[in-house]
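Chemist:
Put into structure tokens, the structure is as follows:
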């Protein structure tokens, strides 16, 4: 695990603001399997008075060693090293699908009248009027939020089901880490957040669709980060830019933390009308972001 230290340049910038007690600090976490070394944490600071955003710390390759798990290291970073934190944003699901939370006698979801299941049926029937055939939903693996993201936005997004084969292991890890935290948490889908942020800054669609491409991904991530700096959206230290370019988990952790800031300044999309109150939700930026909140002196 490596922890990127701040440069003299960044220290000098931070020193100008250190007396400002109105700093808001947010963490973004990109998780991978518990036995890998791919997890990353990004810490971002927002100074409302100065309308400035900084990527203050970036920690990559968080892994277990012989005696200490990577999960404990993540917990220690969040609870000891970077306090206080206003919110922690994860790139994995944080809530179970309805059928796994429900304790009622089950009539089968064909006959169920619980709000989440009714919402899924309404969404399914609406989609089927537009195009057939559609696969029937499975409310023990997927949530309303995945259905909404995949069918109701301006671009075709296909988030994995919360308990689908791709996410189930990291979902379990996220649950394990989250339940020990006495901090506000939120869920982010980095691909969607990046799309909304990028389109609001005029970044071309092809770049936003390919930021994780095995061949072109590094070039595209660099171009996106350069645009963020060029537009004065966030202060990024060059060493951190290099790390985010080479490591997509660091990049996603940054996007998660930045989405948490956008949520705090009311630049994230509201839940749709009629969305079940007890259902989980992925936070993502509004379609048109007003950047005045971060473009100060």
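Numbering (our numbering), first residue to last: 96 to 392. Note that beta-carbon positions come from the ideal geometry of N, C-alpha and C, so glycine has one too. Quantities reported herein were computed from a predicted structural model and do not represent experimental measurements.
(1) Under the assumption that residue 211 contacts residue 374 (Cβ atoms under 8 angstroms), give the Cβ distance between them as a whole number of angstroms.
(2) Taking only runs that begin and end inside the segment 245-320, name each unbroken alpha helix (DSSP H) of 4 or more residues, in chain order.
(3) What is the DSSP secondary structure of residue 184, counted as helix, strand or coil?
(4) Between the segment 361-381 and the segment 142-157, do three or more beta carbon pairs fall short of 8 angstroms?
(5) Quick check: the Cα distance between residue 257 and residue 314, rounded to an integer number of angstroms?
(6) Once the 5 residues before and after residue 251 are set aside, which same chain residues still bring their CB inside 8 angstroms of it?
(7) Pick helix, strand or coil for residue 380, following the three-state DSSP scheme.
(8) Which residues mark the beginning and the end of the alpha helix (DSSP H) in which residue 336 is found?
(9) Along the chain, where does the beta strand (DSSP E) that runs through residue 170 open and close?
(10) If residue 306 sits next to residue 319, beta carbons under 8 angstroms apart, how far is it from one beta carbon to the other, in whole angstroms?
(11) How would you label residue 206, buried or exposed, when you count the other beta carbons within 10 angstroms and need 16 or more for buried?
(12) If contacts are defined as beta-carbon pairs under 8 angstroms, then residue 359 and residue 119 qualify, I think. What distance do you get, rounded to the angstrom?
(13) Mapping the DSSP letters down to three states, classify residue 120 as helix, strand or coil.
(14) Around the C-beta of residue 274, are 16 or more other C-beta atoms found within 10 angstroms, so that it is buried, or is it exposed?
(15) For residue 336, which residues in the same chain have their Cβ closer than 6 angstroms to its Cβ, ignoring the five residues on either side in sequence?
(16) Measure the alpha-carbon distance for residue 153 versus residue 381 and round it to whole angstroms.
(17) What are the boundary residues of the beta strand (DSSP E) that includes residue 151?
(18) Work out the CA separation of residue 282 and residue 188 for me, nearest whole Å.
(19) How many Å lie between residue 170 and residue 272 at the Cα?
(20) Below 8 angstroms on the Cβ atoms is my guess for residue 254 versus residue 347; work out the distance and round it to an integer in Å.
(21) Taking the beta carbon of residue 310 as the centre, do at least 16 other beta carbons fall within 10 Å, making it buried, or is it exposed?
(22) Just verifying my parser: in three-state terms, what is the DSSP assignment at residue 97?
(23) Out of 303, 371 and 389, point me to the one whose CA is closest to residue 217's CA.
(24) Excluding the five sequence neighbours on either side, which residues of its own chain have a C-beta within less than 6 angstroms of the C-beta of residue 351, listed in chain order?
(25) Please list the terminal residues of the continuous alpha helix (DSSP H) segment that includes residue 211.
(26) Within the same chain, show all residues whose beta-carbon is closer than 6 angstroms to that of residue 135, passing over the 5 residues directly before and after it, in chain order.
(27) Give me the Cβ distance between residue 121 and residue 384, rounded to the nearest whole Å; I'm assuming they're in contact under 8 angstroms.
(28) Exposed or buried, what is residue 234 when buried is set at 16 or more other beta-carbons lying within 10 Å of its beta-carbon?
Modeler: On the basis of the data shown:
(1) Here residue 211 is taken as the residue at index 116 of the chain shown, counted from 1. Here residue 374 is taken as the residue at index 279 of the chain shown, counted from 1. Their Cβ separation, rounded to whole angstroms, is 5 angstroms, which keeps residue 211 and residue 374 in contact under 8 angstroms.
(2) 263-273, 285-295 and 300-304
(3) As a first step, residue 184 is located in the chain shown; it is residue number 89 there, counting from the start. Correct three-state label for residue 184: strand.
(4) Result no; under three Cβ-Cβ pairs closer than 8 angstroms.
(5) On the chain shown, residue 257 is found 162 positions in, with the first residue counted as 1. On the chain shown, residue 314 is found 219 positions in, with the first residue counted as 1. Straight-line Cα distance between these residues: approximately 30 angstroms.
(6) Position 156 of the chain shown, counted from the start, is the residue given in the question as residue 251. Excluding positions up to five away in sequence, the list reads 245.
(7) Counting from one through the chain shown, the residue named residue 380 turns up at place 285. Looking at residue 380 - three-state DSSP - the assignment turns out to be strand.
(8) Position 241 of the chain shown, counting from 1, holds the residue named residue 336. From DSSP, the alpha helix (DSSP H) with residue 336 extends over 333-341.
(9) Your numbering for residue 170 matches position 75 in the chain shown. Not the beta strand (DSSP E): residue 170 falls in the alpha helix (DSSP H), residues 165-171.
(10) If you number the chain shown from 1, residue 306 lands on position 211. If you number the chain shown from 1, residue 319 lands on position 224. Yes, they are in contact, since the Cβ atoms of residue 306 and residue 319 sit about 6 angstroms apart, within 8 angstroms.
(11) Taking the chain shown and counting its residues from 1, the one referred to as residue 206 is at position 111. Exposed is the call here.
(12) Locating residue 359 in the chain shown gives position 264, counting from the first residue. Locating residue 119 in the chain shown gives position 24, counting from the first residue. The pair is a contact, with the Cβ atoms about 6 angstroms apart (cut-off 8 angstroms).
(13) Residue 120 sits at position 25 when you count from the first residue of the chain shown. Correct three-state label for residue 120: strand.
(14) As a first step, residue 274 must be located in the chain shown, where it is residue number 179. Exposed, by the Cβ-count rule.
(15) Here the question's residue 336 lines up with position 241 in the chain shown. The residues 320, in chain order, have a CB closer than 6 angstroms to that of residue 336 in the same chain once the five nearest residues on each side in sequence are set aside.
(16) Numbered from 1 along the chain shown, position 58 holds the residue referred to as residue 153. Numbered from 1 along the chain shown, position 286 holds the residue referred to as residue 381. Cα-Cα distance, rounded: 26 angstroms.
(17) The residue labelled residue 151 in the question sits at position 56 within the chain shown. That run of the beta strand (DSSP E) goes 147-157.
(18) Within the chain shown, the letter at position 93 stands for residue 188. Within the chain shown, the letter at position 187 stands for residue 282. Rounded to whole angstroms, residue 188 to residue 282 spans 6 angstroms at the Cα level.
(19) To locate residue 170, count along the chain shown from 1; it is residue 75. To locate residue 272, count along the chain shown from 1; it is residue 177. Distance between the alpha carbons of residue 170 and residue 272: 7 angstroms.
(20) Taking the first residue of the chain shown as position 1, residue 254 is located at position 159. Taking the first residue of the chain shown as position 1, residue 347 is located at position 252. That pair is no contact at about 13 angstroms.
(21) Numbered from its first residue, the chain shown carries residue 310 at position 215. Burial call: exposed.
(22) Working through the chain shown from its first residue, we reach residue 97 at position 2. Bear in mind that a pLDDT of 46 at residue 97, under 50, signals an unreliable position, so the model cannot answer this.
(23) As a first step, residue 217 must be located in the chain shown, where it is residue number 122. When each option's Cα is compared against that of residue 217, the closest is 371.
(24) Here residue 351 refers to the residue found at position 256 when the chain shown is read from its first residue. If we look at residue 351 and ignore the five residues flanking it on each side, its Cβ neighbours are 123, 184, 186 and 283.
(25) Reading the chain shown from its first residue, position 116 is the one you call residue 211. Residues 210-225.
(26) Locating residue 135 in the chain shown gives position 40, where the first residue counts as 1. Result list for residue 135: 125, 155, 344, 345 and 348, in chain order.
(27) Locating residue 121 in the chain shown gives position 26, counting from the first residue. Locating residue 384 in the chain shown gives position 289, counting from the first residue. Not a contact, Cβ separation roughly 16 angstroms.
(28) As a working note, residue 234 is residue 139 in the chain shown. Per the 10 Å Cβ criterion, buried.
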